[in-house]
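Numbering of the sequence shown is given in the working numbering, commencing with residue 43 and proceeding in unit increments. Glycine included, every Cβ here is placed at the ideal spot set by N, Cα and C. These figures come from a predicted structure and were not determined experimentally.
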Amino acid sequence: MPEKTRYGFTLEAWSAGKNQARDFLIGRARERGTTTYSELCEAVSAIQLRPYSFGMMAFLNEVCAEEDAANGIMLASLVTRRDTGIPGNGYFKFAAGLGRETFDREAFWRSEIERIYAVFPPEE
Numbered sequence: 043m044p045e046k047t048r049y050g051f052t053l054e055a056w057s058a059g060k061n062q063a064r065d066f067l068i069g070r071a072r073e074r075g076t077t078t079y080s081e082l083c084e085a086v087s088a089i090q091l092r093p094y095s096f097g098m099m100a101f102l103n104e105v106c107a108e109e110d111a112a113n114g115i116m117l118a119s120l121v122t123r124r125d126t127g128i129p130g131n132g133y134f135k136f137a138a139g140l141g142r143e144t145f146d147r148e149a150f151w152r153s154e155i156e157r158i159y160a161v162f163p164p165e166e
């Protein structure tokens with residue numbers, strides 16, 4: 043029986059990548075910062091994702107869904123496009139699917155960032 047994979051990566055590597063992404067994003071949250079899709083790809087060594095790929099979108103959706111279930115936040119809100127400074131369209135579609143009101147995209151995104159910062163305060 044063939045090994046199960048996610049976008050060509052073993053489930054073990056995919057899970058390790060999500061853990062790396064979560065740790066990286068929590069670090070950014072504690073610094074009160076954001077990151078780009080490219081920076082996140084560089085920070086995740088367990089798998090090699092490309093920015094703006096379907097694999098990246100699925101990866102971030104899983105990170106968001108898991109953090110939403112655990113903490114009521116969309117942790118991938120911290121991942122932004124270099125050219126616009128906000129997340130891409132897929133982020134907002136996924137947020138709407140989670141029941142978030144995304145009519146005013148920028149206002150929604152900024153409020154989600156503040157919610158993340160509240161969950162992960164700076165370390166002293």
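Cβ pair residue i, residue j closer than 7 Å
i	j	result
tyrosine 79	valine 121	yes
asparagine 113	valine 161	yes
isoleucine 128	alanine 71	no
arginine 64	tryptophan 56	no
Residue range of the unbroken alpha helix (DSSP H) whose run includes residue i
i	result
lysine 60	53-72
lysine 46	No alpha helix (DSSP H) contains lysine 46, which DSSP labels as neither H nor E.
serine 153	147-161
aspartate 110	96-113
glutamate 84	79-85
glycine 132	131-139
Residue i versus residue j - alpha carbon distance
i	j	result
leucine 82	alanine 107	18 Å
threonine 13	glycine 59	What the structure shows of the chain is the stretch from 43 to 166, and residue 13 is not part of that stretch, so it cannot be assessed.
alanine 111	leucine 117	11 Å
glycine 75	glutamate 84	17 Å
arginine 152	proline 163	16 Å
arginine 123	valine 86	17 Å
phenylalanine 136	glutamate 54	24 Å
isoleucine 68	methionine 98	18 Å
glutamate 45	glutamate 73	39 Å
glutamate 196	serine 119	Since the first and last residues shown for the chain are 43 and 166, residue 196 lies out of range.
Status (buried if at least 16 other CB within 10 Å, exposed otherwise) for residue i
i	result
alanine 138	exposed
leucine 91	buried
phenylalanine 145	exposed
glutamate 253	Residue 253 lies beyond the residue range present for the chain, which begins at 43 and ends at 166; the question has no answer from this structure.
phenylalanine 150	buried
leucine 140	exposed
serine 95	exposed
glutamate 165	exposed
Assumed close pair residue i, residue j - CB separation to whole angstroms, cut-off 8 Å
i	j	result
glutamate 154	isoleucine 115	7 Å
glutamine 62	alanine 88	6 Å
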